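Comments concern the structure below.
Residue numbers (full-length UniProt numbering): 1 to 246.
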């Protein structure tokens, strides 16, 4: 399965502008599945968001995991197949930091979905930190992680974070050994390079925008005033780098 990780170079509080930018980046039929960043739909009304994800999937000729948007007080995303059929919806179960202070509430866990014979699950950004949510889902082929921002540390990675990453990597390796179909974790989150491709392999690799990747290094040098906060209606623009996923 060829998965496209799509990241517009700039995030806009206008969800239509984000989808317009995404449509310009993607060539029809260039992959099997497209993964958009968290809040690609910003605060679009539910009907508008679903229609943009559906139109993108049909126009690109591939399934789309549509990042997310604010559906009322819930951070929620949707999956459409290439024919424009709604396959699944998924919520952010663990709103983080400023989201909670802005009135965003926890959503419901998603059971996952199947595309092209692969069993997949979407975890929105900080939900990845709660590895217990993957318990009982050993049949997964890939965990897809739409993210708005990606963890960066100026110094050594904290011990608890190292342990968490090792557990995720070990879980993925064990799954890939036990089953002929490999597992991978594929994050996407703006800003960063415009388009990356990934094919699920036997070991997880750094996706677009992850710590240590070229996009993360470029993003670290971007002035903070150019990085929009997704909560701009209630919170001023971020003036410092995020220390954890949001």
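Note that beta-carbon positions come from the ideal geometry of N, C-alpha and C, so glycine has one too. All of these numbers come straight from a predicted model, not from anything done at the bench.
Alpha-carbon to alpha-carbon, residue j and residue i
i, j, result
"residue 206", "residue 149", "With a pLDDT of 30 at residue 206, under the threshold of 50, the predicted position of this residue should be treated as unreliable, and no value is reported."
"residue 236", "residue 100", "Bear in mind that the predicted position of residue 236 carries a pLDDT of just 29, short of 50, making it too unreliable to give a figure here."
"residue 12", "residue 62", "24 Å"
"residue 179", "residue 102", "Any reading at residue 179 must be qualified, since the residue scores a pLDDT of 43, below 50, and its modelled position is unreliable; the value itself is stated next. Whole-angstrom Cα-Cα distance: 42 Å."
"residue 68", "residue 9", "17 Å"
"residue 42", "residue 139", "32 Å"
"residue 47", "residue 82", "19 Å"
"residue 115", "residue 53", "16 Å"
"residue 4", "residue 146", "12 Å"
"residue 134", "residue 60", "30 Å"
"residue 126", "residue 28", "31 Å"
Span of the beta strand (DSSP E), counted from its first residue to its last, around residue i
i, result
"residue 91", "86-91"
"residue 74", "74-80"
"residue 58", "Looking at the DSSP string, residue 58 is not in any beta strand (DSSP E); the run it does join, the alpha helix (DSSP H), is 46-60."
"residue 105", "Counting along the chain, residue 105 falls outside any beta strand (DSSP E), and DSSP gives it neither H nor E."
"residue 71", "69-71"
"residue 123", "Premise fails: residue 123 is in no beta strand (DSSP E) and is neither H nor E."
"residue 63", "63-65"
"residue 146", "142-146"
"residue 36", "Residue 36 -> no beta strand (DSSP E), and no H or E assigned at all."
Residue i, buried or exposed, once every other Cβ within 10 Å from all chains shown has been counted against 16
i, result
"residue 111", "exposed"
"residue 15", "buried"
"residue 24", "exposed"
Extent of the continuous alpha helix (DSSP H) to which residue i belongs
i, result
"residue 19", "15-25"
"residue 98", "98-101"
Residue i versus the options, residue with shortest Cα-Cα distance
i, options, result
"residue 1", "7, 109, 62 and 32", "32"
"residue 18", "44, 30 and 29", "44"
"residue 113", "79, 21 and 85", "79"
"residue 50", "133, 105 and 77", "77"
"residue 71", "83, 37, 90 and 5", "90"
"residue 107", "64, 95, 84 and 7", "95"
"residue 119", "128, 56 and 88", "88"
"residue 117", "132, 141 and 53", "141"
"residue 7", "52, 55, 66 and 135", "66"
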